[in-house]
Amino acid sequence: MFSWSNREGKKDPELFQNVSEGLKRLYRTKLFPLEDTYHFHDFHSPALEDADFDNKPMVLLVGQYSTGKTTFIRHLMEQDFPGMRIGPEPTTDSFIAVMHGEQEGVIPGNALVVDPKKPFRKLNAFGNAFLNRFMCAQLNNPVLESISIIDTPGILSGEKQRISRGYDFAAVLEWFAERVDRIILLFDAHKLDISDEFSEVIKALKNHEDKMRVVLNKADQISTQQLMRVYGALMWSLGKIINTPEVVRVYIGSFWAQPLLIAENRKLFEAEELDLFRDIQSLPRNAALRKLNDLIKRARLAKVHAYIISSLKKEMPSVFGKDSKKKELINNLGAIYEKIQKEHNISPGDFPNLKKMQELLAVQDFTKFPAFKQKLLDSVEDMLGNDIAKLMTLVRKEEAAMPSQSVKGGAFEGTMNGPFGHGYGEGAGEGIDELEWIVGRDKPSYDEIFYTLSPINGKVSGATAKKEMVKSKLPNTVLGKIWTLADVDKDGYLDDEEFALANHLIKVKLEGHELPAKLPAHLVPPSKRQEQN
Numbered sequence: 127m128f129s130w131s132n133r134e135g136k137k138d139p140e141l142f143q144n145v146s147e148g149l150k151r152l153y154r155t156k157l158f159p160l161e162d163t164y165h166f167h168d169f170h171s172p173a174l175e176d177a178d179f180d181n182k183p184m185v186l187l188v189g190q191y192s193t194g195k196t197t198f199i200r201h202l203m204e205q206d207f208p209g210m211r212i213g214p215e216p217t218t219d220s221f222i223a224v225m226h227g228e229q230e231g232v233i234p235g236n237a238l239v240v241d242p243k244k245p246f247r248k249l250n251a252f253g254n255a256f257l258n259r260f261m262c263a264q265l266n267n268p269v270l271e272s273i274s275i276i277d278t279p280g281i282l283s284g285e286k287q288r289i290s291r292g293y294d295f296a297a298v299l300e301w302f303a304e305r306v307d308r309i310i311l312l313f314d315a316h317k318l319d320i321s322d323e324f325s326e327v328i329k330a331l332k333n334h335e336d337k338m339r340v341v342l343n344k345a346d347q348i349s350t351q352q353l354m355r356v357y358g359a360l361m362w363s364l365g366k367i368i369n370t371p372e373v374v375r376v377y378i379g380s381f382w383a384q385p386l387l388i389a390e391n392r393k394l395f396e397a398e399e400l401d402l403f404r405d406i407q408s409l410p411r412n413a414a415l416r417k418l419n420d421l422i423k424r425a426r427l428a429k430v431h432a433y434i435i436s437s438l439k440k441e442m443p444s445v446f447g448k449d450s451k452k453k454e455l456i457n458n459l460g461a462i463y464e465k466i467q468k469e470h471n472i473s474p475g476d477f478p479n480l481k482k483m484q485e486l487l488a489v490q491d492f493t494k495f496p497a498f499k500q501k502l503l504d505s506v507e508d509m510l511g512n513d514i515a516k517l518m519t520l521v522r523k524e525e526a527a528m529p530s531q532s533v534k535g536g537a538f539e540g541t542m543n544g545p546f547g548h549g550y551g552e553g554a555g556e557g558i559d560e561l562e563w564i565v566g567r568d569k570p571s572y573d574e575i576f577y578t579l580s581p582i583n584g585k586v587s588g589a590t591a592k593k594e595m596v597k598s599k600l601p602n603t604v605l606g607k608i609w610t611l612a613d614v615d616k617d618g619y620l621d622d623e624e625f626a627l628a629n630h631l632i633k634v635k636l637e638g639h640e641l642p643a644k645l646p647a648h649l650v651p652p653s654k655r656q657e658q659n
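Residue numbers for the sequence shown follow the numbering used here, so the first one is 127 and each next one is one higher.
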């Protein structure tokens, strides 16, 4: 059990069994009072519940129709899920939360939002038009023991489709974005056009770029030359919408269990899939840290919101001219932002969107806004300055206690071990399953070079070997590592087998592979193998 207390002794020590409990208590006792007092939930985000802190990491899939969102989920789990529909036309017309459950089945939206164990209760605010298009698909799958996946309706183009949804699609996605651990935007290599609604959605996710990853799917259907052009066009389009100097990580591949149509980029697709899988597998390990990070972001926004609301209240007249003053204050909200920014030394990035805030303020009664309450702000400052820092220590201790926590099962198992693991039998791994020493194939040509170096007692010195090895033009740091690996008996000299091994490792590096940290058993020269045993 970990604990910490207020140094001044004004409060009893706060005892936390784990990070989740600590976050819940800090939110309830320090942040929620500030949010509730200044009507934060009417402007930004509903209040958090215990389920928001207890739920498994969630992955949100977003994309235009027929980009392979549902197929991607099917590929990860290697199992169909209830409510799944796949086709070239817009098939998924609902938000589907794919979650773990002992019994396979579907829970409709209206029942889902009253379940206190599920983190979806606040979605009730979006009304029946949304809830009729929301469901939870439960099934017993090992992948879902570690994460939950949110499938979303395909995004269409045109005003008609956007209006006909009957609910604010972008607002729903923004709600999910605040609570999920990873947002995956899927694009089809054949359909890069970003519709108005998709552009609106990406902008709604703007405050969550750290969670965002991009997948360029179905890349096996185009040639290498076309793929280069498509990748460049995608990066250009995203740069216009996301409008940040940082480049978004784009994973290229074909994420389904079918043969590649054009296999010339197979190695690229395998490496990209492995990178994406590693990113998803890290989510359970980093879940507590993500929740802590989101709580900090929420607290910073709540502080700024309190300053804005109390400033508006202060400017309001006590008797006459309230309506005209309200309009004036809304129109001058930008100037109020600047004033608060300077007075309290707050970064401009912490302020809510100006236009959106003006729209929300237009329907509020300013006379009901509370005045400035320093005690509430001090409590949140104490949380950010002291409690969060100490809770971070507990996060690290929990991570150290569960180092192997990752997503398992489904497609994640297919590339873990065996000959189909990424890089198996390539580079330094070449010849791992062969009885003969792989270096022996090219040893005759290496021997020719070796004997021109005038070996003494069958060996060449480091200085002599260096003259030959630097011809590879590899950096000294790399050549130094190759020497360490090749000098198997550590006598400071290379015999003919060790010299051949050094040249083999140079070849491995020049072909673009990484050197091993330790010499693999299959690369140990035959004459040295008994010495190592």
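We treat Cβ as the ideally placed atom computed from N, Cα and C, and that holds for glycine.
Residue burial classification, residue i (beta-carbon count within 10 angstroms, cutoff 16)
| i | result |
| --- | --- |
| residue 650 | buried |
| residue 354 | exposed |
| residue 136 | With a pLDDT of only 44 at residue 136, under the threshold of 50, the placement of this residue in the model should not be trusted; the figure read from the coordinates follows. Classification for residue 136: exposed. |
| residue 267 | buried |
| residue 460 | exposed |
| residue 303 | buried |
| residue 630 | buried |
| residue 391 | buried |
| residue 380 | buried |
| residue 577 | exposed |
| residue 311 | buried |
| residue 652 | exposed |
| residue 195 | buried |
| residue 197 | buried |
| residue 479 | exposed |
| residue 500 | exposed |
| residue 362 | exposed |
| residue 190 | buried |
| residue 554 | buried |
| residue 249 | buried |
| residue 494 | exposed |
| residue 502 | buried |
| residue 133 | Low confidence applies to residue 133: its pLDDT is 38, below 50, so where it sits in the model is not reliable enough to give any reading. |
Cβ-Cβ distance between residue i and residue j below 9 Å
| i | j | result |
| --- | --- | --- |
| residue 533 | residue 348 | no |
| residue 360 | residue 340 | yes |
| residue 324 | residue 277 | no |
| residue 306 | residue 186 | yes |
| residue 663 | residue 565 | An answer regarding residue 663 cannot be provided, because it is not within the stretch 127 to 659 covered by the chain. |
| residue 585 | residue 550 | no |
| residue 383 | residue 263 | no |
| residue 506 | residue 182 | no |
| residue 598 | residue 632 | yes |
| residue 207 | residue 265 | yes |
| residue 342 | residue 376 | yes |
| residue 518 | residue 427 | no |
| residue 490 | residue 457 | no |
| residue 581 | residue 621 | yes |
| residue 200 | residue 210 | yes |
| residue 605 | residue 593 | no |
| residue 344 | residue 315 | yes |
The ligand COA heavy atom lying under 8 Å from the CB of residue i
| i | result |
| --- | --- |
| residue 244 | The ligand COA is not part of the structure shown, which contains no ligands of any sort. |
Supposed contact pair residue j and residue i - C-beta distance, whole angstroms, cut 8 Å
| i | j | result |
| --- | --- | --- |
| residue 439 | residue 497 | 6 Å |
| residue 224 | residue 275 | 4 Å |
| residue 635 | residue 600 | 6 Å |
| residue 654 | residue 615 | 6 Å |
| residue 328 | residue 422 | Actually they are not in contact, since the Cβ atoms of residue 328 and residue 422 sit about 24 Å apart, beyond 8 Å. |
| residue 408 | residue 280 | Contact doesn't hold; Cβ gap of about 28 Å is too wide. |
| residue 234 | residue 261 | 6 Å |
| residue 628 | residue 589 | Between residue 589 and residue 628 the Cβ distance is about 14 Å, and since that is not below 8 Å, they are no contact. |
| residue 169 | residue 486 | 5 Å |
| residue 326 | residue 247 | So it is not a contact: roughly 26 Å between Cβ atoms. |
| residue 552 | residue 639 | 7 Å |
is_contact[residue i, chain D] using C-beta, thresh 9 Å
| i | result |
| --- | --- |
| residue 596 | The question asks about chain D, but that chain is absent: this structure has only one protein chain. |
Inter-stretch contact at 8 Å, needing at least 3 Cβ pairs: the stretch 360-369 / the stretch 312-328: yes
Enumerate, from N- to C-terminal direction, the unbroken alpha helix (DSSP H) stretches of 4 or more residues contained entirely within the stretch 309-397. 322-330 and 350-368
At 3 residues or longer, what runs of the beta strand (DSSP E) sit wholly inside the stretch 243-299? The qualifying runs are 260-265 and 274-277.
Ignoring anything shorter than 3 residues, give me the beta strand (DSSP E) runs that lie fully in the stretch 195-242, in order along the chain. Within the stretch 195-242, the complete beta strand (DSSP E) runs of at least 3 residues are 221-226 and 231-234.
Between the stretch 142-152 and the stretch 410-419, are three or more C-beta pairs nearer than 8 Å? Yes: the two stretches touch, three or more of their Cβ pairs being nearer than 8 Å.
Taking the runs of the alpha helix (DSSP H) that are 4 residues or longer, which of them lie wholly in the stretch 507-577? Runs found: 514-527 and 537-540.
Check whether the stretch 425-440 touches the stretch 160-173, taking contact to mean three or more Cβ pairs, one atom from each stretch, closer than 8 Å. yes
Identify every run of the alpha helix (DSSP H) within the stretch 599-659, keeping only runs that are complete inside it and at least 4 residues long; order them along the chain. 602-612, 622-636 and 652-658
Those runs of the alpha helix (DSSP H) which lie wholly inside the stretch 433-464 and span at least 4 residues: 448-457
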